[in-house]
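Student:
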Amino acid sequence: PAEDAGKFMVDGQDTVADVREVLGRIYDFANKVRSGAWKGVTGKNIKTVVNIGIGGSDLGPVMVYEALKPYADAGISARYVSNIDPNDMAEKTKDLDPETTLFIIVSKTFTTLETLTNARTARTWLLNKLQESGAIDGSDAKKAEAVAKHFVAVSTNLEKVEEFGINPTNAFGFWNWVGGRYSVDSAVGTSLAVVLGPERFEEFLKGFHAIDTYFAETPFEKNVVVLLGMLNVWYRNFYKVASHAVLPYDQYLHRFPAYLQQLTMESNGKSVRWDGTPVTSETGEIFWGEPGTNGQHAFYQLIHQGTQLIPADFIAFVNTPNPTKDGDQDVHELFLGNYLAQTKALAFGKTADEVRAEGTPEEIVPARVFSGNRPTTSIFGDALTPFSLGELIALYEHITFVEGTVWGLDSYDQWGVELGKQLAKQITPAISKDDDALAAQDASTQSLISFYRAHRK
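According to UniProt numbering, the sequence shown is numbered sequentially starting from 1.
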């Protein structure tokens, strides 16, 4: 946030000044779109922003958009396309008006396979739809104007951006020291600044700053962030826990577990330390979850009575933007009653004597006993706001860092992503046409490709 901007030097460069310059440009752009000063090629205001990215360029923005929907007040909605599967783009654009749609292409290098493939698909969709409706003619000049007014970029490769047809002045950069899964509060969040507005995006950043400051300045023995990270290490290494549930009791946070999967598992899912030596203990956890109360009717059985210990984080808020009554019953209080009941049940369980006291037949008493003593962490806030969401994300970012530091990992690389990318480039030609490439594959891959060729319509 502007009032907190001092100096933070990286390789002799004042990163704070760089960040504020980019944020200022993003805010100017967002205000133009929100006010109607930025218009599409036919003069209509933008009503839908489509963010095209993958990994951290998608998971963070879509999670925040879903979480803060009550704050999207400018009549502009957002959609997020990440998967190279054509079905994703088709479903996200099938009911859109191209005259009121703006695409934001998020790729630091502007070479990411999935993102650029989807970007080209979106460009083709836009131009075809505009020409089919007669909104533009088929001249190169008009098509170039349409692309320039309906596409912007989040990238540092201005040459590639311009080749695509985007004006480089409408490209917002971020730096190599900004990792994808830690980037939602950078230019990667441009779609959020448009939909929520610069003021609320600033509140979002202030939430991050509050936790960053707390983490940096609070002594370790009193530092809740450090203690939560050490608890996770304790469970992983001394209780051999492999799985960690994240259970938000707020439907607006329904994408938060998926966001944490990338943050935690891509950061600490490693078997080699930062110095190249093999680790000597278990690292990383499988993060998963669903919003309450949905999960209660799906997988809580395993958490309560399964044979494996599963630490669970329960996240809830005192206030809701949608207060509702069912007769005299406050529905949000009914919801929170479930939240509190689950943490109590996991902590204290239910003894055989308590089960018998209910008149339960002896033969089914064992099945109704709950051992309790199953670990939970309750994160209970006042309300889900841009500020508190920034705090929540920063909390888990620093927990992830603490774990990685204890295990000696580099929590900021992700080489596990690369091998599949490399092999995909080798395998793709073999799928439809290259028999030599097919012959070079292993027997299992050959069999799968042969099945594809035989059944392709």
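Glycine included, C-beta positions come from ideal geometry on N, C-alpha and C. The model shown is predicted, which means the values in this text are computed figures rather than measured ones.
With distances taken Cα to Cα, identify the nearest neighbour of S186 among R25, D413, F287, I364.
Tutor: The residue you call residue 186 lines up with position 186 of the sequence shown. Per the Cα distances, R25.
Student: From the DSSP output, in three-state form, read off A78 for me.
Tutor: The residue you call residue 78 lines up with position 78 of the sequence shown. A78 falls in the strand class under three-state DSSP.
Student: Can you tell me where the alpha helix (DSSP H) holding F103 begins and where it ends?
Tutor: Here the question's residue 103 lines up with position 103 in the sequence shown. Segment 101-106 is the beta strand (DSSP E) holding F103; no alpha helix (DSSP H) there.
Student: Could you spell out the range, first to last residue, of the beta strand (DSSP E) harbouring D88?
Tutor: Residue mapping note: residue 88 aligns to position 88 of the sequence shown, counting from 1. Unbroken run through D88 is the alpha helix (DSSP H), 86-93; no beta strand (DSSP E).
Student: To the nearest angstrom, how far is the alpha carbon of L116 from that of S243?
Tutor: The residue labelled residue 116 in the question sits at position 116 within the sequence shown. The residue labelled residue 243 in the question sits at position 243 within the sequence shown. Approximately 34 Å between the Cα atoms of the pair.
Student: Flag S378 as yes if its beta-carbon sits less than 8 Å from any beta-carbon of chain C, otherwise no.
Tutor: Although the question refers to chain C, the structure presented lacks it and comprises just one protein chain.
Student: Can you tell me where the beta strand (DSSP E) with H244 in it begins and where it stops?
Tutor: By one-based count along the sequence shown, residue 244 stands at place 244. 243-249 is the span of the beta strand (DSSP E), which, as asked, contains H244.
Student: According to the neighbour-count rule (16 or more other Cβ atoms, all chains shown, within 10 Å of its Cβ), is Q262 buried or exposed?
Tutor: Numbered from its first residue, the sequence shown carries residue 262 at position 262. Answer is buried; the Cβ neighbour count reaches 16.
Student: Find the nearest neighbour of Q446 within the set A430, R456, I393, E202, judged by alpha-carbon distance.
Tutor: Locating residue 446 in the sequence shown gives position 446, where the first residue counts as 1. The option with the nearest alpha carbon to Q446 is A430.
Student: For the alpha helix (DSSP H) that contains F8, what are its first and last residues?
Tutor: Locating residue 8 in the sequence shown gives position 8, counting from the first residue. Run containing F8: none; DSSP gives neither H nor E here.
Student: Mind reading off the beta-carbon distance from Y249 to G292? Whole number of angstroms is fine, and I expect it under 8 Å.
Tutor: Reading the sequence shown from its first residue, position 249 is the one you call residue 249. Reading the sequence shown from its first residue, position 292 is the one you call residue 292. Correct: roughly 4 Å between the Cβ atoms.
Student: Going by the beta-carbon positions, is the gap between F151 and R123 smaller than 8 Å?
Tutor: Within the sequence shown, residue 151 is the residue found at index 151, counting from 1. Within the sequence shown, residue 123 is the residue found at index 123, counting from 1. Closer than 8 Å, so yes.
Student: Report the rounded CA-to-CA distance for K433 versus L113, giving the unit in angstroms.
Tutor: By 1-based counting over the sequence shown, the position of residue 433 is 433. By 1-based counting over the sequence shown, the position of residue 113 is 113. When rounded, the distance between both Cα atoms is 20 Å.
Student: Evaluate M9 with the Cβ neighbour count: other Cβ atoms within 10 Å of its Cβ, from every protein chain shown; 16 or more gives buried, anything less gives exposed.
Tutor: Indexing the sequence shown from 1 puts residue 9 at position 9. By the 10 Å Cβ count, M9 comes out exposed.
Student: Using only alpha-carbon positions, find the residue among D73, F204, S378, D436 that is nearest to V33.
Tutor: Working through the sequence shown from its first residue, we reach residue 33 at position 33. Answer by Cα proximity: D73.
Student: Kindly indicate which three-state DSSP category A2 falls into: helix, strand or coil?
Tutor: Counting from one through the sequence shown, the residue named residue 2 turns up at place 2. Confidence at A2 is low in this model, with a pLDDT of 46, below 50, so the placement of that residue should be treated as unreliable; the coordinate-derived value is given next. It is helical.
Student: Could you spell out where the alpha helix (DSSP H) holding A341 opens and where it closes?
Tutor: Along the sequence shown, read from residue 1 onward, the residue named residue 341 stands at position 341. 331-348 is the span of the alpha helix (DSSP H), which, as asked, contains A341.
Student: Which runs of the beta strand (DSSP E) fall wholly inside the segment 113-159 and span at least 3 residues, in chain order?
Tutor: Here the runs fully enclosed are 151-154.
Student: Buried or exposed for A2, going by 16 or more other Cβ atoms inside 10 Å?
Tutor: Sequence index remark: in the sequence shown, residue 2 carries index 2 (1-based). With a pLDDT of 46 at A2, under the threshold of 50, the modelled position of this residue cannot be trusted; read the value that follows with caution. Flag for A2 reads exposed.
Student: Roughly how many angstroms separate the alpha carbons of V154 and F451, rounded to a whole number?
Tutor: Looking up residue 154 in the sequence shown gives position 154. Looking up residue 451 in the sequence shown gives position 451. Each residue's alpha carbon lies about 39 Å from the other.
Student: Check whether the Cβ atoms of R374 and L309 sit closer than 8 Å, and answer yes or no.
Tutor: For the purposes of this step, residue 374 is taken as the residue at position 374 of the sequence shown. For the purposes of this step, residue 309 is taken as the residue at position 309 of the sequence shown. Yes; because the gap between Cβ atoms is below 8 Å, this pair is in contact.
Student: Grab the span of the alpha helix (DSSP H) containing F401 for me, first residue to last.
Tutor: Stepping through the sequence shown from its first residue, residue 401 is reached at position 401. That run of the alpha helix (DSSP H) goes 386-407.
Student: How should S191 be labelled, buried or exposed, when 16 other C-beta atoms within 10 angstroms of its C-beta is the threshold for buried?
Tutor: One-based indexing of the sequence shown puts residue 191 at position 191. So S191 ends up on the buried side.
Student: Beta-carbon separation of D382 and N338 under 8 Å?
Tutor: Looking up residue 382 in the sequence shown gives position 382. Looking up residue 338 in the sequence shown gives position 338. No, the Cβ-Cβ distance between D382 and N338 is not below 8 Å.
Student: Between the beta-carbon of G60 and the beta-carbon of S183, is there less than 8 Å?
Tutor: Position 60 of the sequence shown, counting from 1, holds the residue named residue 60. Position 183 of the sequence shown, counting from 1, holds the residue named residue 183. Yes, Cβ-Cβ distance for G60 and S183 is below 8 Å.
Student: Leaving out five residues on either side along the sequence, give the residues of the same chain with a beta carbon under 7 Å from the beta carbon of T360.
Tutor: Here residue 360 refers to the residue found at position 360 when the sequence shown is read from its first residue. Contacts found: R368.
Student: Pick out whichever of D28, Y65, I286, T351 has its Cα sitting closest to the Cα of V241.
Tutor: In the sequence shown, counting from the first residue as 1, residue 241 sits at position 241. It is I286 whose Cα lies nearest to the Cα of V241.
Student: Rank D326, T400, Q301, T324 by C-alpha distance to the C-alpha of L346 and give the top, closest one.
Tutor: Taking the sequence shown and counting its residues from 1, one reaches residue 346 at position 346. Taking only the C-alpha atoms, the option nearest L346 is Q301.
Student: Given residue 459, which residues of its chain have a CB within under 6 Å of its CB, disregarding the five upstream and five downstream residues?
Tutor: The shown model of the chain, from 1 to 457, leaves out residue 459, and the question about it has no answer.
Student: Can you have a look at A341 and say buried or exposed, based on whether 16 or more other CB atoms are within 10 angstroms of its CB?
Tutor: Start at 1 with the first residue of the sequence shown, and residue 341 comes out as number 341. Per the 10 Å Cβ criterion, exposed.
Student: For P70, which of E202, L384, G284, L448 has the nearest alpha-carbon?
Tutor: For the purposes of this step, residue 70 is taken as residue 70 along the sequence shown, with counting starting at 1. Considering only alpha carbons, the answer is L384.
Student: What is the residue span of the alpha helix (DSSP H) that A312 lies within?
Tutor: Counted from its first residue, the sequence shown places residue 312 at position 312. Counting along the chain, A312 falls outside any alpha helix (DSSP H), though it belongs to the beta strand (DSSP E) covering 312-317.
Student: Kindly indicate which residue of G75, T343, M63 has the alpha-carbon position closest to the one of P311.
Tutor: To locate residue 311, count along the sequence shown from 1; it is residue 311. Among G75, T343, M63, the Cα nearest to that of P311 is on T343.
Student: Whether or not the segment 386-396 and the segment 195-213 are in contact is what I'm after, with contact meaning three or more pairs of Cβ atoms, one per stretch, closer than 8 Å; do they touch?
Tutor: Result yes; three or more Cβ-Cβ pairs closer than 8 Å.
Student: Rounded C-beta distance between V195 and Y65? I'm assuming under 8 Å.
Tutor: Your numbering for residue 195 matches position 195 in the sequence shown. Your numbering for residue 65 matches position 65 in the sequence shown. Right, their Cβ atoms sit about 6 Å apart.
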